[in-house]
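Structure first, commentary second.
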Amino acid sequence: MSARYVMQEVVDLHNEGKTLLYPRMELQSGCGLDELAQQVAEGTTFGAGEVKGVICLVARRMAMMMATGRPVTLDGIGTFTPALGLKKGREREKADGNGTRRNAASIEVSGVHFRADKELVRELRQYCHLERSPRQRRLHRPTLSAEERLALARRYLERCPVMRVPDYAALTGLSRTTAGLELRRWAETEGSGIGAQGVRSHKVYVRK
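Going by this note's numbering, the sequence shown opens with residue 254, and the numbers climb by one from there.
Pasting the structure below:
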């Protein structure tokens with residue numbers, strides 16, 4: 254069975270009035286735990302219920318490991334790393350030492366970063382057979398100017414310690430691809446007030 258892709262048209266942020274095309278997979282209905290457990294159980298001596306129980310136990314033990322500050326690496330799948338953030342309503346601690354110092358009561362786990370194993374990507378590439386979708390391309394045109402989007406990002410970072418690409422996309426109406434390119438440009442622009450921390454899937458944007 255083939256997967257379909259569309260060529261997504263997005264605004265070229267480096268050339269006003271121009272657009273670029275990027276391939277984007279058309280996502281279908283998601284695969285849940287029950288279906289995955291059934292697929293794994295096929296060809297084994299384990300029942301789907303047993304597989305499901307093991308997966309749930311693995312997830313629980315992963316959470317316990319990450320709660321102690323240890324990334325969890327599953328060979329062939331990838332590495333899971335806990336991420337921290339300030340609790341809602343807490344102000345960010347200033348780098349110059351002025352203002353309130355944030356203690357453990359103000360900080361919580363805000364998510365989990367995932368970096369795919371190269372083997373998982375290789376297998377995905379091997380199994381994936383693509384065909385072009387007959388759907389029309391959609392054009393994402395920002396309704397705000399670049400300056401207005403930058404102002405929104407600055408205000409966001411006054412309230413929240415970090416900004417990720419999906420946050421900026423939701424804030425500005427840009428596609429995720431375009432939002433990622435623009436955030437990278439802001440981080441590289443002197444005087445933008447925005448900096449970057451981390452790499453690849455772990456990259457976040459902060460107030461500079």
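Cβ coordinates follow ideal geometry from the N, Cα and C atoms, glycine included. These figures come from a predicted structure and were not determined experimentally.
How long is the line joining the alpha carbons of L403 and A432, rounded to whole angstroms? Using only the alpha carbons, I get a separation of about 11 angstroms.
8 angstroms contact criterion, which P419 and R429 should meet: CB distance rounded: Going by Cβ atoms, the distance from P419 to R429 rounds to 6 angstroms, so yes, they are a contact pair.
Leaving out five residues before and five after H382 in sequence, what residues of the same chain have Cβ atoms less than 6 angstroms from its Cβ? Cβ within range, chain order: S255.
Pair within 7 angstroms by beta-carbon distance, A290 and V311: Going by C-beta atoms, A290 is not nearer than 7 angstroms to V311.
Q. Among the residues of its own chain, which have a CB less than 7 angstroms from the CB of E478, if the five just before and after it don't count?
A. Since the displayed the chain opens at 254 and closes at 461, residue 478 lies outside it and no answer follows.
Margin query: So the candidates are E400, V307, R388 and Y409; which of them puts its Cα closest to the Cα of L286?
Written below: Out of E400, V307, R388 and Y409, V307 has the C-alpha closest to the C-alpha of L286.
Can you check whether the CB of F299 is closer than 7 angstroms to the CB of G331?
Contact: no.
Let me check one thing: in DSSP terms, what residues is L397 bridge-paired to?
The bridge partners DSSP lists for L397 come to none.
Any heavy atom of the ligand FAD within a distance shorter than 6 angstroms of the CB on E400?
-> In the structure shown, the ligand FAD is absent, as is every other ligand, since no ligand is present at all.
Close-in-space but distant-in-sequence residues of the same chain around T425 (CB under 7 angstroms, 5 per side omitted): Within the same chain, P395, L397, R402, L405 and A432 come within 7 angstroms of T425 by CB-CB distance, once the 5 residues on both sides are set aside.
| query | Under a Cβ-count criterion, where at least 16 other Cβ atoms within 10 Å of its own Cβ denotes burial, should A369 be classed as buried or exposed? | reply | Answer is exposed; the Cβ neighbour count stays below 16.
Point to revise | Status (buried if at least 16 other CB within 10 Å, exposed otherwise) for Q379 | key: Looking at its Cβ environment, which holds fewer than 16 other Cβ atoms inside 10 Å, Q379 is exposed.
Candidates G448, M416, A449 and G444: closest to S363 by CA position:
When only C-alpha atoms are compared, the closest one is M416.
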